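If you read the sequences in order, they're chains W and E.
Per our numbering, residue 1 is the first one in the first sequence, and the count goes up by one each step.
Per our numbering, residue 118 is the first one in the second sequence, and the count goes up by one each step.
Yeah, the Cβ is synthetic: ideal placement off N, Cα and C, and Gly gets one too.
This one's a predicted model, so the numbers in the text were calculated from it and none came from an experiment.
Encoded as structure tokens, the structure appears first; notes follow it.
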Amino acid sequence: MSKPNLTIHVRQAAPATAILDIRGEVTGFGENALMDAYTQASNQGARTICLNFTDLEYMNSSGIGLLVTLLIRVQRQKQRLTAFGLSEHYQQIFELTRLNEAISIYAQETDAIRAGA
Amino acid sequence: MTTTNSGRSFWPLRRKPKETEAQPAPAPTPLPAHEVLLGWDIAPNDPLLNYFLHASGAVEVNRLHLDSPALRRLKEEGVAMIVPLVSQGELVGIINLGQRRSDQEYSSDDRRLLDDLAVQAAPAVRVAQLVRQQELAAVERERIETELRVARTIQQTLLPKEVPAIEGWEIAAHWQPAREVSGDFYDFLTFEDGRLGVIIADVTDKGVPAALVMATTRTLLRAAAERLKAPGDVLARANDVLCPDIPPKMFVTCFYGIFDPATGLVRYANAGHDMPYLRRSAGGVEELRARGMPLGLLPGMPYEEKEVVLQPGDTLLLYSDGLVEAHNSQREMLGFQQVRGLIDGHAGGADLILHLLDRLAAFTGADWEQEDDVTLLTVQRLAQVAASPLAWRTLGEFDLPSAPGNERLAIEQVMQMIGAVGLTPKQIDRLKTAIGEATMNAIEHGNGFQADLPAHIAVLSAPDALRIRIVDHGGDRAIPTPDTPDLEAKLAGLQSPRGWGLFLIKNMVDEMTVAADGEHHIVELTIKLEGVVS
């Protein structure tokens with residue numbers, strides 16, 4: 001269980017919007033995968049980084065810590081961080097941690113792209 | 118010895134001359150030297166008995182002409198005179214005499230003497246016979262009573278010696294046989310997973326035959342319940358085995374319910390027994406209906422299975438027909454409606470038994486001869502569960518190696534263990550997150566990822582809550598109490614981006630406690646059940 005069970009595919013959804021398709025578990029083990037994907041998206045000129053949580057299996061407090069770290073980097077680069085596809089449970093966790101105030105949450109990908117455009 | 122219808126015996130007595138004395142010439146057989154029992158009986162239908170009953174005084178045998186085998190035999194044996202002993206219109210005996218020693222006829226003085234003797238002897242013989250009868254009856258009665266006492270003792274050993282003690286539940290039983298032994302019985306079966314089987318049964322008939330069938334049925338039900346889980350299957354199996362062996366015209370009514378103390382769920386089946394009453398704490402009385410034939414009538418019968426949930430405060434009453442079918446002095450029956458009304462008017466619990474017995478006594482009156490066995494059983498789910506560790510039942514526990522990422526295994530295993538406990542999907546998600554976070558802390562901070570220091574996880578269930586206990590080996594170090602995470606502070610670099618674990622746990626469960634015993638940390642996560650039974 002100590003290996004990261006996380007793959008992130010980066011795709012360009014709009015001229016300045018990159019979607020990070022997250023598949024698997026967002027835990028402390030996923031740091032490299034997440035940061036590599038962010039770097040790739042940034043290098044492609046994305047101003048909005050959009051996290052697709054549709055295929056998220058599990059996220060723990062370390063994973064939330066990773067999102068905070070990502071958020072800090074995004075804000076430093078004057079980029080925006082958005083997300084969609086969160087289950088009700090993880091939406092509640094975003095509300096508890098107030099991550100939803102720093103990361104705009106959308107129900108669907110089209111909503112997220114429209115908002116990021 | 119012939120026994121007459123009245124239970125007495127007639128031993129014809131005779132007096133014989135001594136051997137040294139001259140024998141009377143016509144005597145057909147030699148006679149013993151002194152009074153003896155002739156050693157044979159007069160048949161009860163012999164007309165001689167009726168003749169003696171109505172004879173006025175001593176009877177000369179040779180002058181009698183009756184078609185009587187006894188008379189012929191008496192003549193053959195040389196009996197000359199017979200004195201009937203009649204007391205209160207009953208022939209209680211006869212005195213037989215041989216020839217006079219002088220070989221002369223009995224004189225009228227002799228006859229008067231014999232008649233006077235008969236008048237005095239008859240009541241004395243009667244009294245002696247009664248005393249003897251009573252002695253024999255007393256011996257017989259004592260023998261039967263001893264056997265019944267033994268039977269009752271044996272039967273009582275087949276009944277539960279005590280009611281099960283289950284935290285959050287109160288169980289009470291009353292068993293009152295109409296005779297020394299009973300056809301009623303009840304039984305409790307405790308299963309390893311904490312469930313409780315409750316049986317009440319009533320064998321038709323009373324006394325020893327019913328008690329013997331009761332013992333057999335109890336054994337059959339126990340054997341079936343050990344092998345089969347579903348109450349309907351248990352009754353079907355017991356029925357099939359009982360059918361070939363039960364005496365004709367006997368059968369057994371039986372209710373079998375399996376209680377889950379954690380959830381209040383009762384799964385039950387009924388073989389023709391009076392329907393148990395469920396007294397709801399919120400008010401109202403329900404019948405627990407399930408179709409099924411009494412045991413022992415026909416093999417291959419199906420038994421319908423039903424479920425009901427006892428809410429906190431609810432009481433289930435199981436009873437035998439000795440209660441509802443009790444009659445008062447006007448031959449009126451207590452009946453189901455009245456029993457139901459009595460239950461409705463009572464708050465429930467074990468006191469319900471005393472209440473029903475009181476009302477039964479008032480209904481039947483002081484001189485009531487109990488007609489049938491009376492068995493009453495209450496099972497109450499208590500309204501308030503004491504905050505005691507005993508209230509918690511362990512659903513399962515396991516050790517987890519302290520390796521990174523193993524909290525996922527903990528979540529999986531706990532979820533398997535709580536499968537039967539009612540949680541909403543939302544509660545399940547929250548519990549998963551809380552277990553994951555607490556286990557991560559135990560593995561990482563408590564045990565320092567040391568493989569030889571496992572985290573111990575126990576899953577506990579109470580009637581209204583679920584608790585996960587996570588124990589690590591870091592009890593010599595205090596659990597750090599991090600600052601309440603503040604996203605803005607984290608984004609501003611004033612707090613570590615991490616440190617969300619305890620915050621999440623506290624928000625995911627209804628209660629989190631942390632304790633340390635010097636060696637271990639003990640973290641307990643509690644979620645209250647919302648009355649959902651899965």
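{"Query": "Quick check on DSSP: helix, strand or coil for Asp319/E?", "Result": "strand"}
{"Query": "Give the DSSP-derived three-state secondary structure of Ala218/E in the structure shown.", "Result": "According to the sequence shown, residue 218/E is Arg rather than Ala. Residue state, collapsed to three classes: coil."}
{"Query": "Assuming Met418/E and Glu404/E make a contact with CB atoms under 8 Å, what is their CB distance in whole Å?", "Result": "The pair is not a contact, with the Cβ atoms about 21 Å apart (cut-off 8 Å)."}
{"Query": "For Gln251/E, count neighbouring C-beta atoms within 10 Å of its own C-beta (all shown protein chains included) and say buried if the count is 16 or more, exposed if not.", "Result": "exposed"}
{"Query": "Can you list the alpha helix (DSSP H) stretches of 4 or more residues lying completely in the stretch 580-641 of chain E, in chain order?", "Result": "604-608 and 618-625"}
{"Query": "Could you spell out the range, first to last residue, of the beta strand (DSSP E) harbouring Val248/E?", "Result": "Looking at the DSSP string, Val248/E is not in any beta strand (DSSP E); the run it does join, the alpha helix (DSSP H), is Ser225 to Leu275."}
{"Query": "Around the C-beta of Gly215/E, are 16 or more other C-beta atoms found within 10 angstroms, so that it is buried, or is it exposed?", "Result": "buried"}
{"Query": "With distances taken Cα to Cα, identify the nearest neighbour of Arg615/E among Asp319/E, Lys623/E, Val626/E and Asp603/E.", "Result": "Asp603/E"}
{"Query": "Just to make sure I have the definition right: I need the residues of chain W whose C-beta is within less than 9 Å of the C-beta of Leu583/E. Which are they?", "Result": "Chain W residues near Leu583/E: none, gap ~18 Å exceeds 9 Å."}
{"Query": "CA-CA distance, Thr550/E and Thr541/E?", "Result": "14 Å"}
{"Query": "Which of helix, strand or coil does DSSP assign to Leu181/E?", "Result": "coil"}
{"Query": "Could you list which residues in chain E have their beta carbon closer than 8 Å to that of Phe29/W, in chain order?", "Result": "Pro521 and Gly522"}
{"Query": "Answer with buried or exposed for Ile64/W, where buried requires no fewer than 16 other C-beta atoms within 10 angstroms of its C-beta.", "Result": "buried"}
{"Query": "Quick one, which of Glu488/E, Val402/E and Gln428/E has its alpha-carbon nearest Leu459/E's?", "Result": "Val402/E"}
{"Query": "Taking Cβ-Cβ distances below 8 Å as the criterion, which residues of the stretch 53-80 of chain W are in contact with chain E?", "Result": "Tyr58, Asn60, Ser61, Ser62, Ile64, Gly65, Leu66, Val68, Thr69, Leu71, Ile72 and Gln75"}
{"Query": "With a CB to CB cut of under 8 Å and the five nearest residues on each side skipped, what residues in its chain are close to Thr110/W?", "Result": "none"}
{"Query": "With a threshold of 8 Å between beta-carbons, can Met557/E be considered close to chain W, or not?", "Result": "yes"}
{"Query": "Within the continuous alpha helix (DSSP H) that includes Lys543/E, where are the two ends?", "Result": "Pro542 to Asn558"}
{"Query": "Leaving aside the five residues before and after Met534/E along the sequence, list all residues of the same chain whose C-beta is less than 7 Å from its C-beta, in chain order.", "Result": "Leu512, Gly513 and Val576"}
{"Query": "Alpha carbon to alpha carbon, what distance is there between Pro518/E and Ala568/E?", "Result": "5 Å"}
{"Query": "Name the DSSP bridge partner or partners of Tyr420/E?", "Result": "Its beta-bridge partners do not exist; DSSP assigns none."}
{"Query": "Whose CA, out of Thr17/W, Ala33/W and Ile93/W, lies closest to the CA of Met59/W?", "Result": "Ile93/W"}
{"Query": "Quick one: list the residues of chain E neighbouring Ile105/W, beta-carbon separation under 8 Å, in chain order.", "Result": "Per Cβ cutoff of 8 Å: no residues; Ile105/W is ~14 Å from chain E at best."}
{"Query": "Take Asp438/E and list the residues in its own chain whose beta-carbon comes closer than 7 Å to its own, dropping the five residues that flank it on each side.", "Result": "Asp319, Asp391 and Asp489"}
{"Query": "Can you pull the chain W residues whose beta carbon is under 8 Å from the beta carbon of Pro614/E, in chain order?", "Result": "Gly65, Leu66, Val68, Thr69 and Ile72"}
{"Query": "Please report the straight-line C-alpha distance between Ile8/W and Ala18/W, rounded to a whole angstrom.", "Result": "12 Å"}
{"Query": "Please classify Asp21/W: does DSSP put it in a helix, a strand, or coil?", "Result": "strand"}
{"Query": "Taking C-alpha atoms, which residue in Ala342/E, Asp475/E, Phe620/E and Asp627/E lies nearest to Ile585/E?", "Result": "Asp627/E"}
{"Query": "Give me the subset of the stretch 29-52 of chain W whose CB atoms are less than 9 Å from a CB atom of chain E, sorted by chain position.", "Result": "Phe29"}
{"Query": "Would you say Thr97/W faces chain E, with C-beta separation under 8 Å as the test?", "Result": "yes"}
{"Query": "Determine the closest residue to Ala456/E out of Ile639/E, Asn179/E and Leu469/E, with distance taken between C-alpha atoms.", "Result": "Note that residue 456/E is Val in the sequence shown, not Ala. Ranking the options by Cα distance to Val456/E, first place goes to Leu469/E."}
{"Query": "Tell me, to the nearest whole angstrom, how far the beta carbon of Ser61/W is from that of Glu554/E; I am working on the premise that it is less than 8 Å.", "Result": "6 Å"}
{"Query": "How far does the alpha helix (DSSP H) with Phe376/E in it reach, from first residue to last?", "Result": "Where Phe376/E is concerned, there is no enclosing alpha helix (DSSP H), although the beta strand (DSSP E) it sits in stretches over Val369 to Phe376."}
{"Query": "Any idea what DSSP makes of Lys645/E, helix, strand or coil?", "Result": "strand"}
{"Query": "How about Ile22/W: is its C-beta nearer than 8 Å to some C-beta of chain E?", "Result": "no"}
{"Query": "Rounded to a whole number of angstroms, what is the C-alpha to C-alpha distance between Asp301/E and Pro411/E?", "Result": "14 Å"}
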